[in-house]
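Peer 1:
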Amino acid sequence: MEQIINDAILEDESYFQQPKESIELEYKTCSFELPDSFWETVSSFANTKGGYIILGVKEHKKDDKFELVGIDVKPEAIVKQIFNENSNKTNINDAIIKNDDVIVYKVKGKSIIQVFVQEVEYSQKPIFLKNYQRNCYIRTDDGDRYTNNRQFKYLIVNSHDEVDGELLNNYDLDDLNKKDINDYKSHIYRNSDVNVNEIDNKEFLKDIGVLKRDRRNSEKEYKLTVGGLLFFGKYNAITQRFPNFQLDYFHYPNSHTNDWDDRVSSGDMNFPSLNIYSFYNLVLPKLLSGVSDKFQQDENYTRGSYYYDLTVAAKEGLVNTLMHPYYDGDKPIKISDKDSFFEFSNPGEMRVSLESFFRGSNSTCRNQVISTLFRRIGISEKAGSGGPRIMKSAKDNSLHIPDVYEDANSTVVKIWKIDKFASLQRLNFNFNSDENKVIKVAVECDSFTTKDVLGQEPEKIDTKYKARKSINSLIKKGVILTIGKAKSTRYILNMTDTQNKIELMRKFKELEDIIMK
Numbered sequence: 015m016e017q018i019i020n021d022a023i024l025e026d027e028s029y030f031q032q033p034k035e036s037i038e039l040e041y042k043t044c045s046f047e048l049p050d051s052f053w054e055t056v057s058s059f060a061n062t063k064g065g066y067i068i069l070g071v072k073e074h075k076k077d078d079k080f081e082l083v084g085i086d087v088k089p090e091a092i093v094k095q096i097f098n099e100n101s102n103k104t105n106i107n108d109a110i111i112k113n114d115d116v117i118v119y120k121v122k123g124k125s126i127i128q129v130f131v132q133e134v135e136y137s138q139k140p141i142f143l144k145n146y147q148r149n150c151y152i153r154t155d156d157g158d159r160y161t162n163n164r165q166f167k168y169l170i171v172n173s174h175d176e177v178d179g180e181l182l183n184n185y186d187l188d189d190l191n192k193k194d195i196n197d198y199k200s201h202i203y204r205n206s207d208v209n210v211n212e213i214d215n216k217e218f219l220k221d222i223g224v225l226k227r228d229r230r231n232s233e234k235e236y237k238l239t240v241g242g243l244l245f246f247g248k249y250n251a252i253t254q255r256f257p258n259f260q261l262d263y264f265h266y267p268n269s270h271t272n273d274w275d276d277r278v279s280s281g282d283m284n285f286p287s288l289n290i291y292s293f294y295n296l297v298l299p300k301l302l303s304g305v306s307d308k309f310q311q312d313e314n315y316t317r318g319s320y321y322y323d324l325t326v327a328a329k330e331g332l333v334n335t336l337m338h339p340y341y342d343g344d345k346p347i348k349i350s351d352k353d354s355f356f357e358f359s360n361p362g363e364m365r366v367s368l369e370s371f372f373r374g375s376n377s378t379c380r381n382q383v384i385s386t387l388f389r390r391i392g393i394s395e396k397a398g399s400g401g402p403r404i405m406k407s408a409k410d411n412s413l414h415i416p417d418v419y420e421d422a423n424s425t426v427v428k429i430w431k432i433d434k435f436a437s438l439q440r441l442n443f444n445f446n447s448d449e450n451k452v453i454k455v456a457v458e459c460d461s462f463t464t465k466d467v468l469g470q471e472p473e474k475i476d477t478k479y480k481a482r483k484s485i486n487s488l489i490k491k492g493v494i495l496t497i498g499k500a501k502s503t504r505y506i507l508n509m510t511d512t513q514n515k516i517e518l519m520r521k522f523k524e525l526e527d528i529i530m531k
């Protein structure tokens with residue numbers, strides 16, 4: 015485990031500039047025993063995204079500085095207290111700190127203790143204190159915060175494997191849209207001679223898991239599931255259970271305006287009865303029409319795969335956005351369709367890591383009923399397939415790498431329709447001819463040197479002076495970054511942290527595939 019602070023980042027003996035406290039880093043003083051707030055931070059990190067606690071650092075709020083003061087007693091005594099209290103169920107409900115998570119080291123001759131707190135699995139949450147489940151915390155940008163009612167409910171509900179399997183009282187078939195049910199039936203029986211109108215709706219809905227038996231009831235009564243209500247329900251019935259239920263699709267004429275020219279919105283007078291199923295059927299054709307059918311040819315003069323790949327990615331983005339939300343959240347499902355990208359936003363964080371999402375492994379769907387209903391009619395063929403297909407569409411067509419933004423309240427996935435070169439042209443820097451030549455090399459290579467852009471060919475720069483001038487200009491504009499020094503200097507495209515992670519995952523996956531062959 016790396017050391018967060020060391021001699022190299024200190025200034026004026028005891029004060030340091032980097033790193034400051036953040037959503038994943040907390041400093042605390044520690045005199046002769048653990049501070050009272052230590053376990054509050056452990057709870058908040060475990061319930062959020064994990065992080066590091068550094069004991070032996072004092073914050074001076076007046077001038078926003080952090081001073082290394084060290085531990086006043088032997089560090090071993092504090093470490094012992096950490097593990098004693100970590101194993102005490104009356105202190106914290108789960109022993110989440112492991113031996114390798116704690117390290118003791120010295121900086122400027124002063125002892126400090128670094129504790130790494132891993133985010134726990136969703137099924138372990140919430141991590142709470144003092145034998146009281148409600149006594150739990152989450153981490154925000156400005157510190158540890160006691161969970162409010164909404165946040166606490168999210169931790170509890172999200173800890174279950176099948177969130178949408180809840181059985182509803184006082185709901186019946188009259189709360190479902192019969193037209194949508196019959197349309198769904200027609201998909202299942204498309205290649206048969208069955209007359210869907212003759213099939214009893216109640217028995218059909220039992221067969222597909224929309225109605226499930228309440229086994230706590232001795233009368234063996236069948237009840238409507240939450241997933242079934244969301245998928246087939248009438249809008250008014252859905253909002254009685256989910257007051258914040260909102261599905262929105264916006265089409266924008268270009269990427270530079272916030273004025274939409276087409277909209278599909280639940281509760282709107284034009285769409286009074288939208289549920290998940292009808293929203294999907296309305297929005298998918300609109301998404302597909304937003305993909306241009308580019309005519310591309312490869313070296314064998316065959317038609318390229320851009321249109322097919324992007325429509326697959328758009329479909330997967332839509333399905334994932336509808337399958338995985340936390341529908342009890344207070345944010346809408348929102349889909350933005352612009353000329354350069356699709357953006358899919360839904361309430362709730364992903365239940366898998368970014369790596370697992372794009373590799374397609376360890377899929378843990380929050381809404382199993384909804385997921386199964388999509389798969390039964392071939393809309394979602396395989397659990398966990400969405401991420402890899404989105405990644406493949408970008409890789410196969412040299413598109414800008416997908417963006418993923420995630421916090422405790424929402425997940426946003428941006429699928430780009432344009433390649434890296436085209437996306438950089440939209441920065442409005444008015445790149446000159448030589449700068450464009452450098453950018454093209456940067457797009458094609460993982461990293462490059464000045465020599466890589468030199469040459470007498472039309473696509474190269476003819477002098478070292480021009481090459482260096484163009485590279486320095488792009489560095490100032492933030493388009494490329496420098497790695498290494500002197501003779502080892504190389505340059506790379508400047509991408510977001512998430513894009514860098516995704517690109518690294520893709521390279522490891524390619525290497526793994528080669529090794530496994």
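Counting in the working numbering, the sequence shown runs from 15 upward without gaps. Ideal Cβ positions, reconstructed from N, Cα and C, are used throughout, including at glycine.
Distance, Cα to Cα, T55 vs L468?
Peer 2: Near 53 Å, if we compare the C-alpha coordinates of L468 and T55.
Peer 1: Under a Cβ-count criterion, where at least 16 other Cβ atoms within 10 Å of its own Cβ denotes burial, should N314 be classed as buried or exposed?
Peer 2: Below a pLDDT of 50, predicted positions are generally treated as unreliable, and N314, at 42, falls in that range; the measurement from the model is reported next regardless. So N314 counts as exposed.
Peer 1: Output the distance between the C-alpha atoms of M337 and G362, rounded to the nearest integer angstrom.
Peer 2: Using only the alpha carbons, I get a separation of about 11 Å.
Peer 1: For the beta strand (DSSP E) that contains S350, what are its first and last residues?
Peer 2: Start and end: 347 to 351.
Peer 1: How many angstroms separate the CA atom of L238 from the CA atom of I290?
Peer 2: Their backbone Cα atoms lie some 16 Å apart in a straight line.
Peer 1: List, from N- to C-terminal side, the beta strand (DSSP E) runs of 3 residues or more that fit wholly inside the stretch 354 to 395.
Peer 2: Correct list: 355 to 361.
Peer 1: Cβ atoms of I111 and V96: under 8 Å apart, would you say?
Peer 2: In the sequence under discussion, the amino acid at residue 96 is Ile, which differs from the Val named in the question. Yes.
Peer 1: Hey, out of V93, L301, S206, K352, whose CA is closest to H270's CA?
Peer 2: Nearest of V93, L301, S206, K352 to H270, Cα basis: K352.
Peer 1: Determine which residues share a DSSP beta bridge with V121 and list them.
Peer 2: V121 pairs with K124.
Peer 1: Which residue wins for smallest C-alpha separation from K120, given the options A22, N284, E217?
Peer 2: Nearest of A22, N284, E217 to K120, Cα basis: A22.
Peer 1: Exposed or buried, what is N411 when buried is set at 16 or more other beta-carbons lying within 10 Å of its beta-carbon?
Peer 2: Result: buried.
Peer 1: Is K199 buried or exposed, if buried means 16 or more other CB atoms sit within 10 Å of its CB?
Peer 2: So K199 ends up on the buried side.
Peer 1: By the three-class DSSP mapping on this structure, what secondary structure does T161 have?
Peer 2: Here T161 sits in coil by DSSP.
Peer 1: Assuming V71 and L82 make a contact with CB atoms under 8 Å, what is their CB distance in whole Å?
Peer 2: Between L82 and V71 the Cβ distance is about 6 Å, and since that is below 8 Å, they are a contact.
Peer 1: In the stretch 38 to 100, which residue ranges form an unbroken alpha helix (DSSP H) of at least 4 residues, counting only runs that do not cross its ends?
Peer 2: Whole alpha helix (DSSP H) segments, 4+ residues: 52 to 61, 89 to 100.
Peer 1: How about V210 and F246: do their beta carbons lie closer than 8 Å?
Peer 2: In this structure, F246 does not lie closer than 8 Å to V210 by Cβ.
Peer 1: Do you know offhand how far S287's Cα is from S370's?
Peer 2: Taking the straight line from one Cα to the other gives about 35 Å.
Peer 1: Can you pull the DSSP bridge partners for I429?
Peer 2: Answer is F356.
Peer 1: What three-state label does DSSP hand T316 in the structure shown?
Peer 2: Low per-residue confidence applies at T316: pLDDT is 40, beneath 50, and the placement is therefore not dependable, though the value from the model is reported in the following sentence. Correct three-state label for T316: coil.
Peer 1: Quickly, what does DSSP pair L143 with across the bridge? List them, please.
Peer 2: Answer is I106, bridged to L143.
Peer 1: Please report the residue range of the beta strand (DSSP E) in which K6 lies.
Peer 2: With the chain covering only 15 through 531, there is no way to say anything about residue 6.
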